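Written below as structure tokens is the structure these notes are about.
In our numbering, the protein residues as written are 124 to 388.
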């Protein structure tokens with residue numbers, strides 16, 4: 124192709140460098156394009172391509188087969204994971220849960236655990252003190268009742284037999300003489316009731332922060348009288364008045380109040 128014809132022909136748009144004019148050894152003229160395949164090695168010497176407009180020598184790379192470049196399914200990275208920033212992998216709940224014994228206790232737990240032995244020791248002390256107070260109440264009240272029945276009926280056992288009627292022993296009218304069943308039962312009922320009364324009395328003092336005094340003794344005597352009148356059977360009070368008289372019956376509650384006020388601490 125001559126240059127005039129080439130000039131009259133619209134050149135196609137080239138994406139690479141512009142064409143370079145070249146004359147072959149047989150007189151033919153043409154334009155050489157970088158990367159164009161044509162002619163022989165002698166017709167296309169690399170020296171005719173200006174360095175400023177040429178390209179770097181091609182480096183032939185060996186293409187790997189698809190199966191060699193493909194990753195196995197288990198090692199393939201999902202597209203969203205590759206494009207998203209690194210995220211911490213969440214562990215299942217059972218992997219992060221601590222065993223029950225390793226779980227931190229609330230702040231109140233050690234305090235409550237430390238208070239239990241103290242409360243137990245305090246209750247034991249109250250019971251011990253109440254038994255001592257109950258023993259003192261039993262001694263004072265029993266002696267007063269036996270003295271009152273001796274003055275009224277001529278027998279110290281009459282008051283104890285009257286006390287047994289609280290649990291249904293001795294009949295409706297208690298005997299004045301010693302009975303091997305009724306008399307010990309009356310003593311046991313009186314002692315058991317006053318031991319329990321002593322524990323309750325000391326428990327009330329501890330709850331209110333008070334100490335034994337005449338006022339607490341008077342309240343104890345009044346409580347004993349109301350307990351006999353309102354809770355125990357009517358036959359008990361009738362037998363008390365019959366065996367000890369009215370003054371002897373009142374002296375029973377006076378002895379209870381005095382012993383309560385003077386209870387040992």
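For each residue, glycine too, the CB sits at the ideal point set by N, CA and C. Keep in mind the model is a prediction, meaning the values are calculated, not measured.
DSSP-derived helix/strand/coil call for residue i
i           : result
residue 356 : coil
residue 351 : helix
residue 144 : strand
residue 153 : strand
residue 363 : helix
residue 253 : helix
residue 307 : helix
residue 335 : coil
residue 279 : coil
residue 377 : helix
residue 245 : helix
residue 294 : coil
residue 385 : coil
residue 302 : coil
residue 260 : helix
residue 179 : With a pLDDT of only 47 at residue 179, under the threshold of 50, the placement of this residue in the model should not be trusted; the figure read from the coordinates follows. In the structure shown, residue 179 sits in coil (DSSP, three-state: anything other than H, G, I, E or B).
Local Cβ density within 10 Å of residue i, reported as buried at 16 or more and exposed below that
i           : result
residue 284 : buried
residue 149 : exposed
residue 153 : buried
residue 363 : buried
residue 359 : buried
residue 256 : buried
residue 381 : buried
residue 386 : buried
residue 344 : buried
residue 276 : buried
residue 291 : exposed
residue 246 : exposed
residue 372 : buried
Beta-carbon spacing of residue i, residue j below 7 Å
i           : j           : result
residue 366 : residue 282 : yes
residue 312 : residue 289 : yes
residue 293 : residue 305 : yes
residue 114 : residue 314 : No information on residue 114 is available, as it lies outside the stretch 124 to 388 that the chain covers here.
residue 335 : residue 384 : yes
residue 263 : residue 378 : yes
residue 253 : residue 322 : yes
residue 329 : residue 249 : yes
residue 301 : residue 320 : no
Interface flag, residue i vs chain B, CB-CB below 7 Å
i           : result
residue 310 : Annotation note: the requested chain B is absent from the structure, which comprises a single protein chain.
Residue i CB to nearest heavy atom of the ligand MG below 6 Å
i           : result
residue 252 : Only the bare structure without any ligand can be found here, which leaves the ligand MG out of the picture.
Nearest-angstrom beta carbon gap, residue j and residue i [assumed within contact, 8 Å]
i           : j           : result
residue 347 : residue 271 : Not really, about 15 Å apart at Cβ, beyond 8 Å.
Check whether the region 330-350 and the region 238-250 are in contact - that is, three or more C-beta pairs closer than 8 Å.
no
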